[in-house]
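The structure appears right after this line, and notes come after that.
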Amino acid sequence: MARRLHPLIAKVSSRPEARAPSPGLPWWLGGACALAVVLALTALPLGAMLVEAGTLDPGALFADPWVARVIRFSLFQATLSTVLAVALALPVALALAHEPRFPGRGALVTLFSLSLVIPTIVAIFGIVAVYGRSGWLNGALANVGMAPLPLYGLPGILVAHVFFNLPLAARVMLQSLDGIPDNQWRLAAQLGMGPLARFRLIEWPSLRAPLIGAAVLIFTLCFTSFAIVMTLGGGPRATTIEVAIYQALRFDFDLPLAVALALVQLVMCALLMIASTFAPGDGSLGFAPTAQDARDAYPIEGRGLRQRLRTWLERRHAPDRACWRPRAGMAVRLSRGLIIGSAAGFVLLPLAALVIAAFNGKTLSVLGDPATLEAARNTVIAAFATAALALALALGLLSATRRLRVRARRERIGRWLQLFGNVILVLPPVVLGTGLFLLLRPWADVFSIALVLVVAINALMALPFVLRVLDAPMMRVARQHDRLLQSLGIRGWNRWRLIDWPVLRRPVGLALALAATLSAGDLSAIALFGSERVRTLPLLLYQRMGSYRLEEAAVTAGLLLLLCLVLFATLQRLVGEGVRARTR
Amino acid sequence: MLELDDVTLALGEARFRFSLALGADAVHVLLGRSGSGKSTLLNLVAGFAAPDTGDIRWNGASLLALAPDRRPVNTLFQHHNLFAHLSVAQNVGLGLHPGLKLTGAQHEQVRDALAAVGLAAHADKRPPALSGGEQQRVGLARCLLRRKPVLLMDEPFGALDGATRQEMIALTRDVTASYSPCTIVVTHDPEDAAGLGARVLRIADGQVRPEPSA
């Protein structure tokens, strides 16, 4: 029996003749351009270095006890920093995970993610203001008649490295802990597991991989750390390879030594890079669930901090269905509160000290100072140029590897090509700068094109972050819709405009914000190429700290911090959130 | 007539060899276990996979050199037929122009197609606001609009519950009756064949065999 045809279906008229396909650009063009730029910016300087190194005598170099000590110290401080940061982050992450409704938890997690945004040199100023010779801590110690604690040297390096990396490690670990399903906690309670058994059987298995991944990342960051060691190292006894290269290049004008050290650093970083490719971990840098998500997931009732604290303390039993945790005694919960509070204090104190110091008698005169304004202008220009260049390189590279990985099913080749974006991890900024210096010296006055070189180096520094942020969403959209896109013939500009941009807008905003703030706070590239003629705020701050003009330095640090926060927030909002406003 | 002329394809361990000719205006149901090559067959026809040897022809002309959007083929997938960030009308409109540059008459066509699948009221909603069955109907509206002479459906009812499934099958039958495309529906429920009034093809060991009609 034939069904009666729906009248409306019969009415739909037939499709007009298809248009001829537009030729369009080849799919590999963007990737080839990005790869060419990255290779030109790295292979050529490396080549210049190798040519220069041809005249070196490696035997004599390694026989030098000073060089051997620099290498040993680089490894030693990085190991100690990593162990301290991870070991201290573990209880913080556990405490935060066990107290999902701790008042201010969301804000603290946001603060932890800001450690990627706060310029190193700014944090150093805050750390000196708290732990330095005339800082808050030693002031308090003097009041009770105790001898001051020294900061410069190894202690300063460790404090600063923990300041930056404890939040990173804690965030990565908290992300895995928050990913444990509530039912596993319920099951553990039903089976009568104590806290130790829960840690061993539930928490540790989910922590191990991200913990190792974070440790390798932190070790790499500390090993190549530049600004912290240069400012807080306090002399030749505590010098790392990265700083030694800078000193050889800028102060001793000892090019052979700079090249030799740069090659040593290159080999070390290559080894670390190999270690990190085999290390587990998802590489989302703890950015995957944002603090906003955490707040949305665990709403805190009550108004005002005191009210919230009381609600939290009175909750003797595990909270409701939304986030169930095994019950814990008052002593345990108070100690968790203490751990969270100490971590918050450790991160907040230097920032508070900085903000307070920034308002002083010289605030207005420094803000109106031509040197400050000039440096601020250079910082903003470099930040925007870096963000644009890093994004262009990342999108070019990813659009080609997306084609390989998704449509051509060449996952391995695609991933290998993407690794070229991480070349800065093998060729750290000061090493790359040494190569660029050697390469360009015969052709140009490197100090007059400082800003261009800074942007190039900063863009390569930002590229691994930008790739990490964009990779997952870009590949996910492609995998979901690739066949549909093909069958509807959506490609090129249409694809970007209609499909990719609306979905990628938020990650693109985050990527731009990260790249811009990284550039605005970077000291390594500008320290190499900066001069009286071309300065950015980080360099100006470093110079003012170095000449003990501390009031001016405080204002500069405050301005730089404000600039970075504003850059981050506006780029992320303006670029990333327009779509939300439209869809709601 | 859709012909697969001794088409072979090796995917990892699996070897496929398809030889079949399907009538231009008939509905076929393709039955087989998972991994038997049902989706591979559709991918070959749609152009998402290229055969190692052999030829695929529509009305005597080879399709192999054509990109997926140039083939006379339209596919309704089990999932992800729609872009979640575009409205229902925009998702359908993409079938008329891949850059959504539509004329007034084409906007009219989009409205008609949505009315035909009973979703006229949902034109401005976004897909996540729709039920699974409604989402599939949007996909079907786009197929209806594109009017490609070959219609491939890859487990189109797989994610739907009983009643929704029956409605969707009835609607599919209306659509195929309206412009008589050569239709291949992949499913693992033999009952779908009866509902669609379709001929049954069985696929096993990488080869297709028509089932003797009862």
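Chains A and B supply the protein sequences, listed in that same order.
Numbering follows our numbering, in which position 503 of the first sequence is assigned residue number 503; successive positions increment by one, without gaps.
Numbering follows our numbering, in which position 24 of the second sequence is assigned residue number 1024; successive positions increment by one, without gaps.
C-beta: ideal position from N, C-alpha, C; glycine also.
Here the structure is a predicted model, which means the values were calculated and not measured.
Task: Option nearest residue 108 of chain A by Cα separation, candidates A:72, A:168 and A:191 - done: Considering only alpha carbons, the answer is A:168.
Task: Amino acids of chain B, ordered along the chain, whose beta-carbon sits closer than 7 Å to that of residue 490 of chain A - done: Contact of residue 490 of chain A with chain B by beta-carbon distance below 7 Å involves 1094 and 1098.
- [ ] Compute the distance between the beta-carbons of residue 121 of chain A and residue 432 of chain A, then report whether it is under 8 Å.
- [x] Note that the C-beta distance between residue 121 of chain A and residue 432 of chain A is not below 8 Å.
- [ ] Kindly indicate the opening and closing residues of the beta strand (DSSP E) around residue 26 of chain A.
- [x] No beta strand (DSSP E) contains residue 26 of chain A, which DSSP labels as neither H nor E.
Open item on the list: Can you pull the chain B neighbours of residue 499 of chain A, defined as C-beta to C-beta under 9 Å?
Closed with: Taking the beta carbon of residue 499 of chain A as reference, the chain B residues within 9 Å of it are 1083, 1085 and 1086, listed in sequence order.
- [ ] Report the residues of the region 1060–1079 of chain B with a CB closer than 9 Å to any CB of chain D, ordered along the chain.
- [x] The structure shown contains no chain D; its protein chains are A and B.
Open item on the list: I'd like to know if residue 1048 of chain B contacts chain A, where contact means its C-beta is closer than 8 Å to some C-beta of that chain.
Closed with: Yes, contact with chain A.
TODO: Starting from the N-terminal side, write out each stretch of the alpha helix (DSSP H) that is 4 residues or longer and does not extend beyond the region 1181–1210 of chain B.
DONE: As far as the region 1181–1210 of chain B is concerned, its whole alpha helix (DSSP H) runs of at least 4 residues are 1191–1196.
Open item on the list: Does any residue of chain B have a CB that is nearer than 8 Å to the CB of residue 399 of chain A?
Closed with: Not an interface residue.
Open item on the list: Can you look up residue 1005 of chain B in the DSSP assignment and give me helix, strand or coil?
Closed with: Looking at residue 1005 of chain B - three-state DSSP - the assignment turns out to be strand.
Task: Contact set between residue 1006 of chain B and chain A, taken where Cβ atoms lie within less than 7 Å - done: Neighbours of residue 1006 of chain B on chain A: none; closest Cβ ~24 Å, over 7 Å.
Task: Cross-strand partners of residue 1056 of chain B (DSSP beta bridge) - done: DSSP lists B:1004 as partners of residue 1056 of chain B.
TODO: Could you spell out the range, first to last residue, of the alpha helix (DSSP H) harbouring residue 453 of chain A?
DONE: 450–488 is the span of the alpha helix (DSSP H), which, as asked, contains residue 453 of chain A.
TODO: For the region 1101–1123 of chain B, enumerate the residues whose C-beta is nearer than 7 Å to any C-beta of chain A, in chain order.
DONE: Listed by position along the chain: 1109, 1112, 1113, 1115 and 1116.
Task: Alpha carbon of residue 1109 of chain B to alpha carbon of residue 114 of chain A, nearest angstrom - done: If I take the Cα positions, the gap works out to 51 Å.
Open item on the list: For residue 1199 of chain B and residue 1028 of chain B, I'd like the C-alpha separation in whole angstroms.
Closed with: Spanning the two alpha carbons is a distance of roughly 5 Å.
TODO: Output yes or no for whether 8 Å exceeds the beta carbon distance between residue 465 of chain A and residue 391 of chain A.
DONE: For residue 465 of chain A and residue 391 of chain A, no; Cβs fall outside 8 Å.
Open item on the list: Given this structure, state the Cα-to-Cα distance separating residue 73 of chain A from residue 505 of chain A, to the nearest angstrom.
Closed with: Linking residue 73 of chain A to residue 505 of chain A through their CA atoms gives a straight-line distance of about 43 Å.
- [ ] Pull up the CB-CB distance for residue 266 of chain A and residue 427 of chain A, whole angstroms please, since I reckon it's below 8 Å.
- [x] Taking 8 Å as the upper bound for CB-CB distance, residue 266 of chain A and residue 427 of chain A are in contact here, some 6 Å apart.
Task: Closest Cα partner of residue 388 of chain A within the set A:100, A:360 and A:462 - done: If we check each option's Cα against that of residue 388 of chain A, A:462 comes out closest.
- [ ] Would you list the one or two residues that DSSP bridges to residue 1021 of chain B?
- [x] In the DSSP output, where bridge partners are listed per residue, residue 1021 of chain B has B:1003.
Open item on the list: As an exercise, report each continuous alpha helix (DSSP H) stretch of at least 4 residues that is fully enclosed by the region 76–162 of chain A, in chain order.
Closed with: DSSP assignment within the region 76–162 of chain A yields the following whole alpha helix (DSSP H) runs of 4 residues or more, N-terminal first: 105–114, 120–131 and 136–143.
- [ ] Find out if the Cβ-Cβ distance for the pair residue 339 of chain A, residue 103 of chain A is shorter than 8 Å.
- [x] Against a cut-off of 8 Å, the Cβ pair of residue 103 of chain A and residue 339 of chain A comes out as no contact.
Open item on the list: For the pair the region 219–233 of chain A and the region 179–190 of chain A, tell me if three or more CB-CB distances fall below 8 Å.
Closed with: By the Cβ test, the region 219–233 of chain A is not in contact with the region 179–190 of chain A, since fewer than three Cβ pairs between them sit closer than 8 Å.
- [ ] Starting from the beta carbon of residue 1175 of chain B, find every residue of chain A whose beta carbon is closer than 7 Å, and list them in chain order.
- [x] Going along chain A in sequence order, the residues near residue 1175 of chain B (Cβ under 7 Å) are 9.
- [ ] Taking 8 Å as the threshold, find out whether the region 1033–1043 of chain B comes into contact with the region 1009–1016 of chain B through three or more Cβ pairs.
- [x] Remark: three or more beta-carbon pairs, one from each stretch, lie closer than 8 Å, so the region 1033–1043 of chain B and the region 1009–1016 of chain B are flagged as touching.
TODO: Reducing DSSP to helix, strand and coil, say where residue 603 of chain A ends up.
DONE: No information on residue 603 of chain A is available, as it lies outside the stretch 1 to 584 that chain A covers here.
Open item on the list: Quick check on residue 1074 of chain B: does DSSP put it in helix, strand or coil?
Closed with: DSSP places residue 1074 of chain B within a strand segment (E or B) once states are collapsed to three.
Open item on the list: Counting only C-beta atoms, is residue 98 of chain A closer than 8 Å to chain B at any point?
Closed with: So, not an interface residue.
TODO: Would you check if the distance between the CB atom of residue 963 of chain B and the CB atom of residue 1146 of chain B is smaller than 8 Å?
DONE: As displayed, chain B neither begins before 1001 nor continues past 1214, which places residue 963 of chain B out of reach and without an answer.
TODO: Closer than 7 Å by C-beta to residue 1077 of chain B: which residues in its own chain qualify, once you throw out the five before and the five after it? Chain order, please.
DONE: Taken in chain order, the residues that qualify are 1154.
Task: Own chain, CB closer than 6 Å to residue 42 of chain A, minus 5 neighbours either side, in chain order - done: Excluding five sequence positions before and after residue 42 of chain A, the CB atoms of its chain that fall closer than 6 Å to its own CB belong to 423 and 427, given in chain order.
Task: Residue range of the unbroken beta strand (DSSP E) whose run includes residue 1154 of chain B - done: Where residue 1154 of chain B is concerned, the enclosing beta strand (DSSP E) stretches over 1150–1154.
TODO: Look up residue 32 of chain A in the DSSP assignment and say whether it is helix, strand or coil.
DONE: Helix at residue 32 of chain A.
Open item on the list: Does residue 1012 of chain B come out as helix, strand or coil in the three-state DSSP assignment?
Closed with: In this structure, residue 1012 of chain B counts as coil in the three-state DSSP scheme.
Task: Backbone secondary structure at residue 1029 of chain B - three-state DSSP - done: Secondary structure at residue 1029 of chain B: strand, using DSSP grouped into helix, strand and coil.
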